[in-house]
Amino acid sequence: MFINLEKKHLVIGTSIAALLFIFIVFGPPGLFKKTSSPDYCGSCHVMYDMHDHWFLSGLHRSIKCVDCHLPNNNLVNHVIWKGIDGMKDLLYFHFMLFSDPIEITSHGKTTLQANCVRCHGDMVSRINIDAKNCWECHRRVNHRITPLAIIE
């Protein structure tokens, strides 16, 4: 009887710890989904132009910012980098540490390239994808406002 009571407490304690861990990692219900939306990404005033360019371009408008800007090779890697990049963006924004124009990091470039290849792998299977980054030729996908992207 004493052992069963210990097991019961262990199961309850482990369950509570697991639920607490999930809540801490994923946040309150709906937070993970909300922080994955393009409108959330564009809510910082330093991102207005990038969000508007994405919205107006039509190109890739059916995908979210996190589809390109976060690793999507597995959920664990995605969640870890979402937390890292989210906290970094929060600190950079509130302490005005970002560059103008915003520059992408080398990790960000690697992530973008991997996501381009992940989605467009069939199209790029015959070319040397290590020679250049995709956006060096496909300039309309990199949030730069070009004459072709401006809608008046």
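Under this note's numbering, the first residue of the sequence shown is numbered 13, with each subsequent residue one higher. All C-beta atoms in this analysis are idealised placements derived from N, C-alpha and C, irrespective of residue type, glycine included.
Other residues of its chain near K121: CB distance less than 8 Å, five sequence neighbours each side excluded: Within the same chain, K121 has close Cβ partners N145.
Assumed close pair H9, C53 - CB separation to whole angstroms, cut-off 8 Å: The structure shown does not extend to residue 9, since the chain is modelled only from 13 through 164, so no value can be given for it.
Cut-off 7 Å between Cβ atoms - residues of its own chain near H106, not counting five sequence neighbours on either side: Exclusion of the five residues before and after H106 leaves no residue of its chain whose Cβ lies closer than 7 Å to its Cβ.
Residue from L71, K100, F44 whose Cα sits closest to the Cα of T117: Looking only at L71, K100, F44, the smallest Cα-Cα distance to T117 is reached by K100.
Range covered by the alpha helix (DSSP H) that runs through H150: Counting along the chain, H150 falls outside any alpha helix (DSSP H), and DSSP gives it neither H nor E.
Own chain, CB closer than 8 Å to A29, minus 5 neighbours either side, in chain order: Beyond the five residues adjoining it in sequence on each side, A29 comes within less than 8 Å, by CB distance, of no other residue in the same chain.
Neighbour-count burial assignment, L124, 16 or more Cβ in a 10 Å radius: With 16 or more other Cβ atoms within 10 Å, it is buried.
Three-state secondary structure assigned by DSSP to D112: Residue state, collapsed to three classes: coil.
Span of the alpha helix (DSSP H) around I96: Judged by DSSP secondary structure, I96 falls within the alpha helix (DSSP H) whose first and last residues are 87 to 106.
W93 versus H155, R152, S48, residue with shortest Cα-Cα distance: For W93, the closest alpha carbon among the candidates H155, R152, S48 is that of S48.
Residues of its chain near N127, where Cβ-Cβ distance is below 7 Å and the 5 sequence neighbours each way are ignored: Closer than 7 Å at the Cβ level, and outside the excluded window around N127, lie D79, C80, N84.
Through-space distance from P41 to L32, alpha-carbon basis: Rounded to the nearest angstrom, the two C-alpha atoms are 13 Å apart.
Simplified DSSP assignment, three categories, for P50: The answer is helix: DSSP assigns P50 an H, G or I state.
Cβ-Cβ distance between K76 and P113 below 7 Å: No, these two residues do not count as a Cβ contact at 7 Å.
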